[in-house]
Every structure is written in structure tokens, then in C-alpha cells.
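Quick notes on the structure that follows.
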Amino acid sequence: MMVSRSRYIIDTNVLIDLHRGQILKQFFALPHLFISPDVVIDELHEPDGGMLMSLGLQRGELSGERVLEVEALSVHHRNIAVNDLFALVLAASTRLTLLTGDSRLRNLAAKHNVRVHGTLWILDEMVAQRTLKSVEARRALNNMLDNGSRFPLAECQTRLRQWER
Numbered sequence: 152m153m154v155s156r157s158r159y160i161i162d163t164n165v166l167i168d169l170h171r172g173q174i175l176k177q178f179f180a181l182p183h184l185f186i187s188p189d190v191v192i193d194e195l196h197e198p199d200g201g202m203l204m205s206l207g208l209q210r211g212e213l214s215g216e217r218v219l220e221v222e223a224l225s226v227h228h229r230n231i232a233v234n235d236l237f238a239l240v241l242a243a244s245t246r247l248t249l250l251t252g253d254s255r256l257r258n259l260a261a262k263h264n265v266r267v268h269g270t271l272w273i274l275d276e277m278v279a280q281r282t283l284k285s286v287e288a289r290r291a292l293n294n295m296l297d298n299g300s301r302f303p304l305a306e307c308q309t310r311l312r313q314w315e316r
């Protein structure tokens, strides 16, 4: 019997967080499929989109109608990057969970009934699925924080204490 893998849409800032944490390889070892809009993959340089695809990132494309939806959203939500709106529309149109750390995008996703998880959830999932040891998760989170990633402080402190053991 074949078990289907959960699928997630992932935006730019989560990929950057994982790169900062130096855990991209372990991330793609999770038993899930991760999809990013083609425009996100094509514009990524650090980390490189081609390298991410070689690790397992899948390319998602939007129809012309969905691109018009992105354009309409961008008029009313100028404080959200257009590429992130591509991720939102892709998640909404496929009914998949969106992985993002952007609070404005998270709020907009909730208004569109799109389920959302962030980078801290990913770290928890990696520890639970044993693609990352607790000590590695602690080091990765500290690397992310040291390199400009922003997360709720209390949630970070809870995880750092938990991963000390």
C-alpha cells in the first residue's frame, strides 16, 4: 500500500530561514512534498532556486486566471511581496497548507481560509520526524535568529529550553 505524502506550499521567507539555519537538506528529507510558485523559484538567489529543486522542491504554476487574482490582491495589499501573493493564491487554489513566516501574509491567508504554518512549526516537525536532532534544531534556530530571522520571542525561548535536553 502506498502512503501519500502531505503537500505544502512554501514561500520565500521560509526558504530563506531554512537556508540561514543551514538545514535545507534535512528539511527536504521530511516525508512531505514542498511546492513553491515558479516565480519564487526563478527569482531566488540565496538560496539558489535550482539548488532547491535538486533537493526536492517542486515547481508550482498558476493559470492566467490565478495570475489575475494575484494582481488584484497586490493592488489592495501593497505591503505584501507579490511573490508571496503567488504562494497564497497557489495554496488557496490547491487547498494546501501555506508555509510562511510573514505575519501580513498569514493574516491574509486566514481571511482566505488557507491553513498556515511557520518556520517554528517546521523545526518542530523536523525534530518529530527525526530529520533533525534537538541539538541541531537549537543550533539552527540560533543561526536563524543571529542572521535576521524574526519569530515570537516566547516561542523561541520555549523551544530553545526544550531542545537543551
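Per the working numbering, the sequence shown starts with residue 152, numbered consecutively. Every residue gets a Cβ at the ideal spot worked out from N, C-alpha and C, and that includes glycine. Since the structure is predicted, the reported quantities are computational estimates derived from the model, not experimental observations.
Cutoff 6 Å; reference residue i; Cβ partners in own chain excluding five residues on either side
i      : result
MET295 : ASP168, ARG171 and GLY172
Residue i (DSSP reduced to helix, strand or coil)
i      : result
MET152 : With a pLDDT of 48 at MET152, under the threshold of 50, the predicted position of this residue should be treated as unreliable, though the coordinate-derived value follows. Looking at MET152 - three-state DSSP - the assignment turns out to be coil, as it is neither helix nor strand.
SER187 : strand
GLN313 : helix
HIS170 : helix
VAL165 : helix
THR270 : helix
LEU181 : coil
ILE160 : strand
Nonlocal neighbours in the same chain, by C-beta distance under 8 Å from residue i, ignoring five residues either side
i      : result
HIS228 : LEU236, ARG255 and LEU259
TRP314 : VAL278, SER285, VAL286, ALA288, ARG289 and LEU292
Other residues of its chain near residue i: CB distance less than 7 Å, five sequence neighbours each side excluded
i      : result
ASN164 : THR251, GLY252 and ASP253
GLN209 : LEU184, PHE185 and ILE186
ARG316 : SER285
LEU271 : PHE302, GLU306 and ARG310
HIS268 : THR248 and LEU250
ASN298 : ARG171
LEU181 : GLU276, MET277, GLN280 and THR282
Cα-Cα separation between residue i and residue j, rounded to whole angstroms
i      : j      : result
LEU247 : LEU241 : 8 Å
ARG266 : GLY211 : 18 Å
SER225 : ILE231 : 7 Å
MET202 : HIS263 : 31 Å
ILE160 : LEU249 : 5 Å
GLU194 : ASN234 : 9 Å
* To do: Could you tell me whether the stretch 188-196 touches the stretch 300-308, where touching means 3 or more Cβ pairs closer than 8 Å?
  => Put simply, the stretch 188-196 does not touch the stretch 300-308. Fewer than three CB pairs are less than 8 Å apart.
* Are there three or more Cβ pairs, one per stretch, closer than 8 Å when the stretch 215-234 is compared with the stretch 267-285? -> Because the criterion of three Cβ pairs below 8 Å is not met, the stretch 215-234 and the stretch 267-285 do not touch.
* Could you give the uninterrupted runs of the alpha helix (DSSP H) lying entirely in the stretch 188-223, keeping only those of 4 residues or more? -> Unbroken alpha helix (DSSP H) runs of no fewer than 4 residues, entirely contained in the stretch 188-223, are found at 189-194 and 200-206, following chain order.
* To do: Mind listing, in chain order, the continuous alpha helix (DSSP H) runs of no fewer than 4 residues lying wholly within the stretch 287-313?
  => Those alpha helix (DSSP H) runs which fall completely within the stretch 287-313 and span 4+ residues are 304-313.
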